[in-house]
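Below is one structure, written out as C-alpha cells, with a few remarks after it.
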Amino acid sequence: MTAAARTWRSLGWLAGPVLWAAVFLAAYASEALVCTRLERPGWHGAIVAAAGCIAILLIAARLCRTARRSEETAGRFLARTGATLDWLSLVAIGWTISAALLLPACAV
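Numbering (the numbering used here), first residue to last: 309 to 416.
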C-alpha cells in the first residue's frame, strides 16, 4: 500500500463530518444566494434536498464498506469511530434537511 493510500484510508473516518459540513454549507449558501440574487425561494429546498440525498448515499456506501471490512483487526478502532461519526452525521444531515424544508426560505 502506498503512502497516499494509507493516508487516505486513515483519514477516511472523517468522511461523515465533512459531508455534513458540505450539506450545511450548501444550506446556508443557497439560502443567501437564492434570496439575494435569484429571488426564487422554491429553489432553496431543492438544492438542500439534493445535497442531502447525495451525502446520505455517500455515507451509506461508506457504512456498507466499513461493515464488510469490520473483520480486520488492524484499524478496528478507527473503523468503529468512523462508523459512529457517520451515523451521527446522518442524524445531523437529517436535521439540516428538515429545517431547510420545513421553514420558509427568505423569511425575514
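Just so you know, even glycine gets a beta-carbon here, dropped at the ideal spot from N, CA and C. Only a predicted model underlies this, so the values are computations on that prediction, with no experimental measurement involved.
Compute the distance between the beta-carbons of residue i and residue j, then report whether it is under 7 Å.
| i | j | result |
| --- | --- | --- |
| L398 | I362 | no |
| A489 | A334 | Not covered by the structure: residue 489. The range shown for the chain is 309 to 416. |
| A400 | H352 | no |
| A408 | V356 | yes |
| T404 | V331 | yes |
| D394 | L371 | yes |
Measure the alpha-carbon distance for residue i versus residue j and round it to whole angstroms.
| i | j | result |
| --- | --- | --- |
| G390 | L411 | 31 Å |
| R388 | S406 | 27 Å |
| T392 | A329 | 16 Å |
Please tell me whether residue i has its Cβ less than 7 Å away from any Cβ of chain B.
| i | result |
| --- | --- |
| T392 | Structure shown: chain B not included; a single protein chain is present. |
The stretch 339–353 touching the stretch 319–328, judged by at least three CB pairs closer than 8 Å: no
Flag this pair as touching only if the stretch 334–344 and the stretch 383–391 have three or more C-beta atom pairs under 8 Å; answer yes or no. no
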